[in-house]
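Asks:
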Amino acid sequence: AFGEPMKIGYLPDSFGMSRQLPHIYNGFGITRTMFWRGCSERHGTDKTEFLWQSSDGSEVTAQVLPLGYAIGKYLPADENGLRKRLDSYFDVLEKASVTKEILLPNGHDQMPLQQNIFEVMDKLREIYPQRKFVMSRFEEVFEKIEAQRES
Numbered sequence: 001a002f003g004e005p006m007k008i009g010y011l012p013d014s015f016g017m018s019r020q021l022p023h024i025y026n027g028f029g030i031t032r033t034m035f036w037r038g039c040s041e042r043h044g045t046d047k048t049e050f051l052w053q054s055s056d057g058s059e060v061t062a063q064v065l066p067l068g069y070a071i072g073k074y075l076p077a078d079e080n081g082l083r084k085r086l087d088s089y090f091d092v093l094e095k096a097s098v099t100k101e102i103l104l105p106n107g108h109d110q111m112p113l114q115q116n117i118f119e120v121m122d123k124l125r126e127i128y129p130q131r132k133f134v135m136s137r138f139e140e141v142f143e144k145i146e147a148q149r150e151s
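All the letters of the sequence shown, read from the start, carry residue numbers 1 to 151 under full-length UniProt numbering.
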């Protein structure tokens, strides 16, 4: 009734990560995970995309949300508002990204969808012509990550 399940271990706001999560995910056929908290350069990486292995060798492709899972919620539709909100984000996201793709999640828990998101997307393309903005699903983000890793 609600479409296909998202086969991604999505823990956007957990305050820690069990080192056995890749093993647990693999047991359910999940090979990808996305999260915010619980990872930093102190724990082995300063990158947003990496392969995460548990102690038994189970592995998942990981995508960390370095600025959180709500950085793109309710984006303003005007140029000044967008620039004020996003200009500082791009450097942080690009510096940490292994791929050419950066993720700007548009949403937040317990909040309705942004009604004018298509207008905002048009404005983003207008004011940042050097960037390519696309709406996608998390599965598509992982497909891009994995394709760049394999090339």
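Quick reminder that beta carbons are idealized off the backbone N, C-alpha and C, glycines included.
Mind checking glycine 29: buried by the 16 CB within 10 Å criterion, or exposed?
Replies: So glycine 29 counts as exposed.
Asks: Do you know how far the Cα of isoleucine 117 is from the Cα of tyrosine 69?
Replies: C-alpha separation (whole angstroms): 17 Å.
Asks: Contact defined as beta carbons within less than 8 Å: I believe asparagine 106 pairs with glutamine 115. What is the distance between those atoms, to the nearest angstrom?
Replies: Going by Cβ atoms, the distance from asparagine 106 to glutamine 115 rounds to 12 Å, so no, they are not a contact pair.
Asks: Which of the three DSSP states, helix, strand or coil, is assigned to glutamate 4?
Replies: The answer is coil: DSSP assigns glutamate 4 none of H, G, I, E or B.
Asks: Do you know offhand how far arginine 125's Cα is from lysine 132's?
Replies: About 7 Å.
Asks: Between glycine 37 and leucine 67, what straight-line distance do the alpha-carbon atoms span, to the nearest angstrom?
Replies: Checking the sequence, you will find arginine at residue 37 rather than glycine. Distance between the alpha carbons of arginine 37 and leucine 67: 9 Å.
Asks: Is it buried or exposed for serine 136, if we count other Cβ within 10 angstroms and need 16 for buried?
Replies: So serine 136 counts as exposed.
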